[in-house]
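Note that this note's numbering has the sequence shown beginning at 14, numbered continuously upward. Glycine included, every Cβ here is placed at the ideal spot set by N, Cα and C.
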Amino acid sequence: MIKKQKEKIKIGKNPIISILLITAIVIVISAILSLLGIEGQKTTIVNNALETSLVTVKNIFSIEGIKFVLGNSITNFQILEPLGLLVVSFITIYFLDYSGIIKPIATPFKKLKPIILTFLVLTFSAILSFLGDYSYLILMPLVALIYKEVDKNPISGIITVFLGLTLGYGFGFIFNHNDYLLGQLTELAAKIDVDQDYKFHLTSNLYIMMSSVILIIFVLTYSIEKKITPKLPKIKKEELEIIETDENKKTPLLLSGVTFILLTAILIYCILPDLPYSGILLDPESPTYISSLFSENASFKEGFPYIMMFIIIITSYVYGKFSKNITKEQDYINQVFKKLNGIGYVLVLLFFLSQLIAIINWTNIGEVIATKLITFMAGLEFSGAPLIIMLFIITILIGILIPSTLSKWMLMSPLIVPLFMRSNITPDFTQLIFKSADGIGKAITPLYIYFIIMVGFVQSYWENKKVTILGMYKLIMPTILITAGLLILIVIGWFIIGLPLGPITYPTL
14 MIKKQKEKIK IGKNPIISIL LITAIVIVIS AILSLLGIEG QKTTIVNNAL
64 ETSLVTVKNI FSIEGIKFVL GNSITNFQIL EPLGLLVVSF ITIYFLDYSG
114 IIKPIATPFK KLKPIILTFL VLTFSAILSF LGDYSYLILM PLVALIYKEV
164 DKNPISGIIT VFLGLTLGYG FGFIFNHNDY LLGQLTELAA KIDVDQDYKF
214 HLTSNLYIMM SSVILIIFVL TYSIEKKITP KLPKIKKEEL EIIETDENKK
264 TPLLLSGVTF ILLTAILIYC ILPDLPYSGI LLDPESPTYI SSLFSENASF
314 KEGFPYIMMF IIIITSYVYG KFSKNITKEQ DYINQVFKKL NGIGYVLVLL
364 FFLSQLIAII NWTNIGEVIA TKLITFMAGL EFSGAPLIIM LFIITILIGI
414 LIPSTLSKWM LMSPLIVPLF MRSNITPDFT QLIFKSADGI GKAITPLYIY
464 FIIMVGFVQS YWENKKVTIL GMYKLIMPTI LITAGLLILI VIGWFIIGLP
514 LGPITYPTL
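Right under this line is the structure:
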């Protein structure tokens, strides 16, 4: 699939070996810190009050630790959240691919310049970021297929989606459930310790979010085209495995389009409130529409990937049947599930990563280091721009061991939000600073699940080379650093000028 050539990127060790090496390092460090009695004070919000507890590093070499490693390896893998979504997304994409519908979908993009296509993919990633983590699993393989169809390197498409979703994690055109949950934590932290009348609004950072995401898309487009794409291997058009369809037949595409629109309309009606028989996928007990979509009791939150899978399967089947790409239903199903063999490598990577994440969580090494950094920052007599830069750096450092956005903010917000309010910086702006740094932290840590999934996807197209964690970081790190610099400039510039963050909020109190 990929043409052999002398690589510009020196590939290091196997990703599995790298994960095992990181695991060994974490185990040794946790053992040393445990023997030294290293501990941290974690401040959390419990029953609308601040509560401080002691967190100690646990030794994995203890009897309890050994029992945990040996007795929970399968459980650690099974509870990995993206596992089911990964399988669902692969089934969905392979049905699309085998039906041949990717070809007419990709046709309008063939005449576009590569830089325009990159820009569109990044824009689409920003729009679909409201889907949360599922956006990675649907966009990375889908964009790879489209890139392959338009004679552009699929690896470039996968990396573009990853960088667009991750570096722009705190910014998007549509609010997601994380915005709501982060806002609730921010509101609690502000009310308990400083201002009982404070109220967080989803639109509080609307202006800066919209402005920032546009700038991020432009900068990422330029950086990807100049610093990443030229380093990727060239592809041979004749080696691309494309299912040919008759481009003159518009009927299959029209019928499949109508099918997709009808099914999507039904889905939309099911998430609209206050209409006859509507809203069956919403949580009626939630206070806001966003939370009613994505709360734990909302059928939409858990059901959306599966609903979309069935919509796409039916749509692609209609196209394949009327275009005569599908003649026998059994062959259709067999070919699709035969391709599922390709996710084996990704699953192996995720198995070893799940063990590493479980060990970090069990030893408390991530929490202890995070609490030390938070306490250190709280003790500094900084204000204004230096304080903002310090939060940006601390968030990135904590994100290396704790990629989860909510887990980080639960640890940080009880101390950080009041600290910034006493420095005359609003809670809304504090959360915005955190979110902007959060995406950078996710992009630079191999503990971020979707980075490892991205490595697995890239490997499936880069068949002649072993793609590794170190090699991937050498490829994408310049773009990450450029984006980090841009975000710092945006945040500091907005603060100094004093522009409104949203309709009713400003950077300072």
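Asked                                                                                                                         : Found
Alpha carbon of Y358 to alpha carbon of E94, nearest angstrom                                                                 : 18 angstroms
Neighbourhood of T518 by C-beta distance below 8 angstroms, restricted to the same chain and skipping five residues each side : H214, S217, N218, T439, D441, F442
Straight-line Cα distance separating L158 from L150                                                                           : 13 angstroms
Option nearest L363 by Cα separation, candidates F335, I466, G270                                                             : I466
Spatial distance of E257 from P121 (CA atoms)                                                                                 : Here the model assigns E257 a pLDDT of 47, short of 50, so the residue's position is not dependable, and the following value carries that caveat. Approximately 16 angstroms, taken between the alpha carbons.
C-beta neighbour in chain B for R435, strict 7 angstroms                                                                      : The structure shown has no chain B; it contains just one protein chain.
Bounding residues of the beta strand (DSSP E) (the contiguous stretch that carries S66)                                       : 62–69
Cβ-Cβ distance between I106 and L155 below 7 angstroms                                                                        : yes
Check whether L178 and S225 have beta carbons under 7 angstroms apart                                                         : no
Contact set for I505: own chain, Cβ-Cβ below 8 angstroms, skip 5 residues either direction                                    : A398, I401, I402
Assigned secondary structure, V101 (DSSP; H/G/I helix, E/B strand, else coil)                                                 : helix
E52 in three-state terms, based on DSSP                                                                                       : strand
C-beta atoms of S329 and L109 nearer than 7 angstroms                                                                         : yes
Any 3 or more C-beta pairs closer than 8 angstroms across the stretch 362–379 and the stretch 459–479                         : yes
Option in I87, E298, L432, S426 with minimal Cα separation from I58                                                           : S426
Test item: CB-CB of L195 and W422 under 7 angstroms                                                                           : yes
Simplified DSSP assignment, three categories, for I517                                                                        : coil
Sequence-distant residues of the same chain with beta carbon closer than 7 angstroms to P520, five excluded per side          : I438, T439, F442, W507, F508, G511, L514
Which of helix, strand or coil DSSP assigns to I370                                                                           : helix
Collapsed DSSP secondary structure at T301 in the structure displayed                                                         : coil
Classification of M223 by the beta-carbon crowding that lies within 10 angstroms, buried from 16 upward                       : exposed
C-alpha distance - S102 paired with P318, whole-angstrom precision                                                            : 8 angstroms
Which listed residue (I356, Q54, F74, I76) has its alpha carbon closest to that of S66                                        : Q54
Proximal residues to I409 (C-beta, below 6 angstroms), its chain only, five neighbours per side dropped                       : A450, I453, G454
Spatially closest choice to M434 from V207, S269, A456, by CA coordinates                                                     : V207
DSSP state of I227 mapped onto helix, strand, coil                                                                            : helix
For V163, the three-state DSSP class (helix, strand or coil)                                                                  : coil
Cα-Cα separation, I51 to T388                                                                                                 : 14 angstroms
Alpha helix (DSSP H) segment containing S138, residue limits                                                                  : 127–141
Distance, L96 Cα to Y147 Cα                                                                                                   : 11 angstroms
For G113 and Y474, the rounded distance between their alpha carbons                                                           : 19 angstroms
C-beta contact flag for S291 and Y282 at 7 angstroms                                                                          : yes
DSSP-derived helix/strand/coil call for I58                                                                                   : strand
V134 beta carbon less than 7 angstroms from that of L499                                                                      : no
Sheet register partners of I438 (DSSP bridge)                                                                                 : T521
Residue from P246, F307, F175 whose Cα sits closest to the Cα of K478                                                         : P246
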